[in-house]
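Oh and the sequence shown: position 72 is 63 in the working numbering, straight run, nothing missing.
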Amino acid sequence: KATGGIAAAFVQVDPAKVTWLSEPDWFASSPIARRPFCSTCGSPLGFFWADGKGDADLTVGSFDDPSGFRPVAHAGCESVHEAWLDTRDLPRHYSASTASVAERWKAAGLEVPE
């Protein structure tokens, strides 16, 4: 629920090696966890243990270039939604070929994302 999505992709990191370009805001999501987020856009940025011990997780989508990361495990499997694990055979819709999306980007004076 922390991301609002059915799942989230994280990369595990040593919190001592994390350097923020600007300090995020923090939300105590439970007695054992705190989660950084961008107060400007609301993007979730990760998961840190409230006691400060152990590894932390950063959201893969928050990296400028996440292409080097690969999934290695599933976590929190007690709440997995099986129907969402393998979606590769579903139709794919791209912004540039979806008229309602492309028109809005163009109306905003911007290029349609590729």
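For every residue, glycine included, the Cβ atom is placed at its ideal position computed from N, Cα and C. These numbers come from a predicted model, not from an experiment.
(message) Pull the bridge partners of residue 2 from the DSSP assignment, please.
(response) Here residue 2 is taken as the residue at index 11 of the sequence shown, counted from 1. 49.
(request) Specify the secondary structure class of residue 35 as computed by DSSP and reduced to three states. (result) Taking the sequence shown and counting its residues from 1, the one referred to as residue 35 is at position 44. It is a strand residue.
(request) Using three-state DSSP, classify residue 40 as helix, strand or coil. (result) For the purposes of this step, residue 40 is taken as the residue at position 49 of the sequence shown. In the structure shown, residue 40 sits in a strand (DSSP, three-state: E or B).
(message) With H, G and I counted as helix, E and B as strand and the rest as coil, what does DSSP make of residue 95?
(response) Mapped onto the sequence shown, residue 95 falls at position 104. Look at residue 95 here: in three-state DSSP terms it is helix.
(message) What does the alpha-carbon distance come out to for the pair residue 39 and residue 2?
(response) The count along the sequence shown starts at 1 and reaches residue 39 at position 48. The count along the sequence shown starts at 1 and reaches residue 2 at position 11. Going from the Cα of residue 39 to the Cα of residue 2 covers about 12 Å.
(request) Report the option in 49, 8 and 41 whose CA atom is closest to the CA atom of residue 28. (result) The residue labelled residue 28 in the question sits at position 37 within the sequence shown. Nearest C-alpha to residue 28: 49.
(request) Using beta-carbon positions only, say whether residue 53 and residue 36 come within less than 7 Å of one another. (result) By one-based count along the sequence shown, residue 53 stands at place 62. By one-based count along the sequence shown, residue 36 stands at place 45. Yes, the pair counts as a contact, with Cβ atoms nearer than the cut-off.
(request) Quickly, what does DSSP pair residue 55 with across the bridge? List them, please. (result) Taking the sequence shown and counting its residues from 1, one reaches residue 55 at position 64. Paired residue(s): none; residue 55 is not in a bridge.
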